[in-house]
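In the working numbering, the protein residues as written are 2 to 68.
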């Protein structure tokens with residue numbers, strides 16, 4: 002799995018977990034979805050993504066979006 006796919010998969014899992022927790026526990030968990038969305042938007046413009054840095058250190062090979 003390359004870095005781009007790992008970041009997208011992680012973002013998707015965070016959003017799904019947030020929605021599940023919002024439904025089962027508290028609607029305030031939707032703030033996690035907001036955070037994930039804002040992080041994706043800023044990464045699109047700046048190229049800086051903390052998750053990409055972590056996955057790179059874990060050994061994911063570079064993709065096209067994050068190097």
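Heads up, the beta-carbon is just placed ideally off N, CA and C, and yes, glycines get one too.
- Residue 62 and residue 3 have their C-alpha atoms roughly 5 Å apart.
- A distance below 7 Å between beta-carbons, with the five flanking residues on each side excluded, links residue 34 to the following residues of its chain, in chain order: 16, 19 and 20.
- If you look at residue 11, you'll find it in the alpha helix (DSSP H) that goes 4 to 25.
- When the five nearest sequence neighbours on each side are left out, the beta carbons in the same chain lying within less than 6 Å of the beta carbon of residue 52 are those of 8 and 11, in order along the chain.
- The continuous alpha helix (DSSP H) containing residue 51 extends over residues 51 to 58.
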